[in-house]
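Q:
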Amino acid sequence: MKYRTFAPVFECVHIVWIHQYNIKSNFIKLNFLLFFMSELKNVQPLADFNWDEFENGSSANVSKQDLEKAYDETLNKIQEHQVVEGTVISLDKKEVVVNIGYKSDGIIPASEFRYNPELKVGDKVEVYVENQEDKKGQLVLSHRKARLNKSWDKVNEALENEEIIQGYIKCRTKGGMIVDVFGIEAFLPGSQIDVHPIRDYDVFVGKTMEFKVVKINQEFRNVVVSHKALIEAELEAQKKEIISHLEKGQVLEGTVKNITSYGVFVDLGGVDGLIHITDLSWGRVSDPHEVVALDQKINVVILDFDEDKKRIALGLKQLTPHPWDALSPDLKVGDHVKGKVVVIADYGAFVEIQPGVEGLIHVSEMSWSQHLRSAQEFMHVGDEVEAVILTLDRDERKMSLGIKQLKEDPWEAIESKYPVGSKHTAKVRNFTNFGIFVELEEGVDGLIHISDLSWTKKVKHPSEFTTVGAEIDVVVLDIDKENRRLSLGHKQLEDNPWDTYETLYTPGSVHEGKITQMMDKGAVITLNEGGEGFATPKHLVKEDGSQAQLGEELPFKVIEFVKETKRIILSHSRTFEEGKDDVVAAKPARKHTAHKSDAAAQINNVAAGTSLGDLNVLADLKAKMEKGE
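Under numbering that gives the first Met the number 0, the first residue of the sequence shown carries the number 0, and numbering increases by one thereafter.
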């Protein structure tokens, strides 16, 4: 009974001993127990204590479910992957401890609160529950993810509602800037910073500006913001107001805001206009930087504008008089002028004799040569040249120039410089089927007819005789000064060999020759003395009856010689056929005084002893009759 009386008290002591004081030393525990037992002498048991409920583990007048409910109500119910609010209970340089009303506190790296250097104990912060308990039983929280989730919702709302938000420009990147918006890194394109082109991005780093969300990529969570969009609406209304008061020919002051390769953009006080490169100066401009500079204040004239497209065409050169109007009235055709080559084309070159006044030198006016070439062969852009005015039209503002006129025309003294019969060396320019065009000097050309190339060779095409670019000796045969033509010859440099051939290749003479060309109608034979003759196939039959072949060297007899047509007819067959005749002629011949009756009798006698097929005998008799034998 005593045990049951003191059992509850002893159990309480045990609990207090274990859980409240957590005494580790055995010596202290023994002394404490002796002291406490001595004090139990004055403790009286409770009259209404229910020992049965105590042994069953239940509390008096309270159910177990009520106790569990009361315990659960003391803790917040949280779920993973949600954002809740917590209280900072402690912080240092490395960690921040946050209480969210759970059975344990969460520890967050201090780096996640770097944006808020004013953070202190007691501040309310939003945290993201990553895990209720990790492997160590620790609650895992994240402030950065909470900001991102909440920021993403804010960014989407800003896009839907077209709200204006603030952002901090962190740094510059390729093509733009990185902006911190609600803890999210958004991209600000360079073209969306301002309506004016930005030349220095670094001046915006570290600034807090207003932006408008213009695009969101939900898949990759990319955000694009714009500052330009905030002021465009205001500018549009301003542009309409300005354009409505514009007039053609109006002179305004503006500021150069951008320079491109094709022109200059000028700010007219809220609206931009373009000065095309051709309207910058009366002269030719290769680079607009030569005329204007950025941020320069200039006066411009309105040339044209489009209210719908909000385009304004401006001019700068129109504010100064046209250079043609200031051209000296004393300037006339034939005067010599100096200028600078500004443009080169295949057909000629444009020369600026003064700013805004240009003249064209056609390629045909660059040289007396009749062979038209590219203008780049004579001059280049930037060259200082002297020229002669050929035509001048002040109304049309056109001028043609020439530089060949600065030199003497070679045809003026052609008869004295290249008289008929004079010998010269020329350069082959090109071929035709009928001859060769050669150049004696720049501007003086001549023609060598194909028949004047060689005395002996029959040239079918000039390419067989020479090549383009080669030098050739010529003699002047004729001069046509009016049409600027020279007739030249090459063979005339040598004596006519046909004068010698006339005495050498007499009919009946025999010469050695080589067959150099075979044709259907015969063969060309080159004789050892230099001449060329022709033999028909029947005259190429050799003594053994075979036909002579290409490359063979044989004796040939001259059958016909015509100097006027330069024709030599040869025969190899006659060389040995004449030999047979000589043998027959060596026999006793009849007197030339024989009568025709004797000849007839002889024919009859021959005919009596031969057949009609003996044609050789009949041919011999015919030859004797013709000779009068």
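Yeah, the Cβ is synthetic: ideal placement off N, Cα and C, and Gly gets one too.
Small disclaimer: the values here were computed from a predicted structure and weren't measured.
(1) Can you list, in chain order, the stretches of the alpha helix (DSSP H) that have 4 or more residues and sit fully within the region 186–215?
(2) For Val154, does the count of other Cβ atoms within 10 angstroms reach 16, so buried, or fall short, so exposed?
(3) Does the Cβ of Tyr417 have 16 or more other Cβ atoms within 10 Å, making it buried, or fewer, making it exposed?
(4) Compare the beta carbon distance of Leu452 and Val473 with 8 angstroms and say whether it is the shorter of the two.
(5) DSSP beta-bridge partners for Phe560?
(6) Check Val284 in the structure and name its three-state DSSP category.
(7) Quick one, which of Trp151, Gly544 and Glu552 has its alpha-carbon nearest Asn221's?
(8) On the premise that Ile311 lies in contact with Gln270, defined as a C-beta separation below 8 angstroms, what is that separation, rounded to the nearest angstrom?
(9) By alpha-carbon positions, which one of Val204, Asn432, Ile343 and Thr431 ends up nearest to Asp382?
(10) Just checking, does the region 184–193 make contact with the region 168–176 on the three C-beta pairs under 8 angstroms criterion?
(11) Starting from the C-beta of Glu246, find all residues in its chain whose C-beta is less than 8 angstroms away, skip the five residues before and the five after it, and write them out in chain order.
(12) Quick check on this structure: which residue in Gly282, Val223, Glu209 and Lys214 has the alpha carbon closest to the alpha carbon of Leu229?
(13) From the DSSP output, in three-state form, read off Pro496 for me.
(14) Starting from the Cα of Lys490, find the closest Cα among Val458, Arg483, Gln516 and Pro506 and give me that residue.
(15) Could you tell me whether the Cβ atoms of Gly333 and Ile360 are closer together than 8 angstroms?
(16) Taking the straight line between their C-alpha atoms, what separation do you get for Ala547 and Arg483?
(17) Drop a sphere of 10 angstroms on the beta-carbon of Leu293, count the other beta-carbons inside from all chains shown, and report buried for 16 or more, exposed for fewer.
(18) What is the DSSP secondary structure of His594, counted as helix, strand or coil?
(19) State the start and end residues of the unbroken beta strand (DSSP E) segment that holds Ser399.
(20) How should Asp408 be labelled, buried or exposed, when 16 other C-beta atoms within 10 angstroms of its C-beta is the threshold for buried?
(21) Identify the continuous alpha helix (DSSP H) that holds Ser415 and give its terminal residues.
(22) In whole angstroms, what separates the C-alpha of Val561 from that of Tyr346?
(23) Which stretch, first to last residue, makes up the beta strand (DSSP E) that contains Glu156?
(24) Taking the beta carbon of Asp303 as the centre, do at least 16 other beta carbons fall within 10 Å, making it buried, or is it exposed?
(25) Please work out which residues of its chain come closer than 6 angstroms, Cβ to Cβ, to Lys513, disregarding the five sequence neighbours upstream and downstream, and give them in chain order.
(26) Can we say the region 413–432 touches the region 504–523, given the rule of at least three CB pairs closer than 8 angstroms?
A: Taking the structure as given:
(1) The region 186–215 contains no whole alpha helix (DSSP H) run of 4 or more residues.
(2) Label assigned to Val154: buried.
(3) By the neighbour-count criterion, in which a residue is buried when 16 or more other Cβ atoms sit within 10 angstroms of its Cβ, Tyr417 is buried.
(4) No, Cβ-Cβ distance for Leu452 and Val473 is not below 8 angstroms.
(5) BP columns for Phe560 point to Ile567.
(6) If DSSP states are grouped into helix, strand and coil, Val284 belongs with coil.
(7) Of Trp151, Gly544 and Glu552, the smallest CA-CA separation from Asn221 is found for Trp151.
(8) The sequence shown places Val at residue 270, rather than the Gln named in the question. That belief holds up - the Cβ atoms of Val270 and Ile311 are roughly 7 angstroms apart, short of 8 angstroms.
(9) Nearest C-alpha to Asp382: Ile343.
(10) Touching, per the Cβ criterion.
(11) If the five residues before and after Glu246 are omitted, its C-beta is found closer than 8 angstroms to the C-beta atoms of Ile301, all from its own chain and listed in chain order.
(12) When C-alpha distances from Leu229 are compared across Gly282, Val223, Glu209 and Lys214, the shortest belongs to Glu209.
(13) Of the three classes helix, strand and coil, the one that applies to Pro496 here is helix, per DSSP.
(14) Put simply, of Val458, Arg483, Gln516 and Pro506 the residue whose alpha carbon is nearest the alpha carbon of Lys490 is Val458.
(15) No, these two residues do not count as a Cβ contact at 8 angstroms.
(16) When rounded, the distance between both Cα atoms is 51 angstroms.
(17) Exposed, by the Cβ-count rule.
(18) Here the model assigns His594 a pLDDT of 40, short of 50, so the residue's position is not dependable, and the following value carries that caveat. Of the three classes helix, strand and coil, the one that applies to His594 here is coil, per DSSP.
(19) Run containing Ser399: Lys397 to Gly401, per the beta strand (DSSP E) assignment.
(20) Its Cβ having fewer than 16 others within 10 Å, Asp408 is exposed.
(21) Start and end: Ile413 to Lys416.
(22) Rounded to whole angstroms, the separation of the alpha carbons of Tyr346 and Val561 is 54 angstroms.
(23) Run containing Glu156: none in the beta strand (DSSP E); it sits in the alpha helix (DSSP H), His142 to Asn160.
(24) So Asp303 ends up on the exposed side.
(25) Closer than 6 angstroms at Cβ, skipping near neighbours: Thr525 and Glu552.
(26) With contact defined as three or more Cβ pairs closer than 8 angstroms, the region 413–432 and the region 504–523 are not in contact.
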